[in-house]
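>
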Amino acid sequence: MYLMLDSGIRGGMCLVSKRYSKANNKYLDNFDEMSPSKFIISLDVNNLYGTAMAFYNLPESEFRFLNQKEIDKFDLMSVSSDSNVGYILEVDLFYPPELHSKHNSFPMAPQHESIMYDMLSPYQKKICEKLNIKINEKNKKLLNTFNEKKKLCSSLFKLTILY
Numbered sequence: 050m051y052l053m054l055d056s057g058i059r060g061g062m063c064l065v066s067k068r069y070s071k072a073n074n075k076y077l078d079n080f081d082e083m084s085p086s087k088f089i090i091s092l093d094v095n096n097l098y099g100t101a102m103a104f105y106n107l108p109e110s111e112f113r114f115l116n117q118k119e120i121d122k123f124d125l126m127s128v129s130s131d132s133n134v135g136y137i138l139e140v141d142l143f144y145p146p147e148l149h150s151k152h153n154s155f156p157m158a159p160q161h162e163s164i165m166y167d168m169l170s171p172y173q174k175k176i177c178e179k180l181n182i183k184i185n186e187k188n189k190k191l192l193n194t195f196n197e198k199k200k201l202c203s204s205l206f207k208l209t210i211l212y
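Numbered per this note's numbering, the sequence shown finishes at 212, counting up by one with no gaps.
(1) Are Glu197 and Met165 close, meaning C-beta to C-beta below 8 Å?
(2) What is the C-beta distance between Pro159 and Asn188, in whole angstroms, given that I count them as a contact (C-beta under 8 Å)?
(3) Under 8 Å: do the segment 84-91 and the segment 116-124 share three or more Cβ pairs, one atom per stretch?
(4) With a CB to CB cut of under 8 Å and the five nearest residues on each side skipped, what residues in its chain are close to Lys174?
(5) Report the option in Ser70, Glu139, Lys87 whose CA atom is closest to the CA atom of Leu52.
(6) For Ile173, write down the residues that DSSP places opposite it in a beta bridge.
(7) In three-state terms, what does DSSP make of Ser110?
(8) Please determine, among Asn96, Asp78, Asn73, the residue with the shortest C-alpha to C-alpha distance to Pro85.
(9) Leaving aside the five residues before and after Glu178 along the sequence, list all residues of the same chain whose C-beta is less than 6 Å from its C-beta, in chain order.
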């Protein structure tokens, strides 16, 4: 169980932003009253993990694997987000192509992966050659990609938010 939980530790993204957004609210000179009001806000949180612990009941004890009978009866959609019992799921995740454009600013389910030279774009390869940069394929980086994910370990809380 320890190895499964350890594989789910991914760290976090230091910045998540939408590529383009346009504010429209009463505090702007060009406010359009006929369009919906929209604000842009940027939040900086110190101790993000501690903040999450304060807002959500994260698992802390009595971990166990479900037996086969419990797995067969398990219904993800019937688990309440405020339940006293939580679940950590290890799943294979296929990212449907029809979601790619909708999620292009921040694909869900980041994973630690090694960046291989053949994953680089022609432009990136050109820069590496020009600056004599060697790609260290042993180092893993936290990547947000649309690639299929195998044995992804995620808490049920995160999955319900994404749903």
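Note that beta-carbon positions come from the ideal geometry of N, C-alpha and C, so glycine has one too.
Concretely, from the data shown:
(1) no
(2) Actually they do not touch by this definition, with Cβ atoms about 16 Å apart.
(3) no
(4) Tyr166
(5) Glu139
(6) Sequence inspection shows Gln at residue 173; the Ile mentioned does not correspond to that position. Answer is none; Gln173 lacks a bridge partner.
(7) coil
(8) Asn73
(9) none
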